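Notes to accompany the following structure.
In the working numbering, the protein residues as written are 66 to 147.
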């Protein structure tokens, strides 16, 4: 797993509030499109029933990838600040 690599269909969480879209830090979405050669991402936010309630373009600094498996011992944690 390459450090800081965000891929299509990655599950991500917001690291910042985006009040104009009623999105708040910690909300979880899915990357549905890579934009600007991977510098930005279209992220879809859906409810528990799978209904999309927002789809918005975000920059790398606004999201973090969520991992569902143990991290490799070679990966060092990185502090994210907003």
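We treat Cβ as the ideally placed atom computed from N, Cα and C, and that holds for glycine. This one's a predicted model, so the numbers in the text were calculated from it and none came from an experiment.
For the candidate residues 133, 92, 117, 109, whose alpha-carbon lies nearest to that of residue 98?
109
Within this structure, are the beta carbons of residue 107 and residue 88 separated by less than 9 Å?
No, they are not a contact pair.
Taking 9 Å as the threshold (C-beta atoms), are residue 76 and residue 95 in contact?
yes
Looking at the structure shown, is residue 124 part of a helix, part of a strand, or coil, going by DSSP?
strand
Where residue 132 and residue 85 are concerned, what is the direct C-alpha to C-alpha distance, given to the nearest angstrom?
28 Å
Is the beta carbon of residue 103 less than 9 Å from the beta carbon of residue 71?
yes
Cα separation between residue 92 and residue 78?
Here the alpha carbons of residue 78 and residue 92 stand approximately 5 Å from one another.
Assuming the contact rule is C-beta atoms closer than 8 Å, residue 105 and residue 123 should be a hit. Round their C-beta distance to whole Å, please.
7 Å
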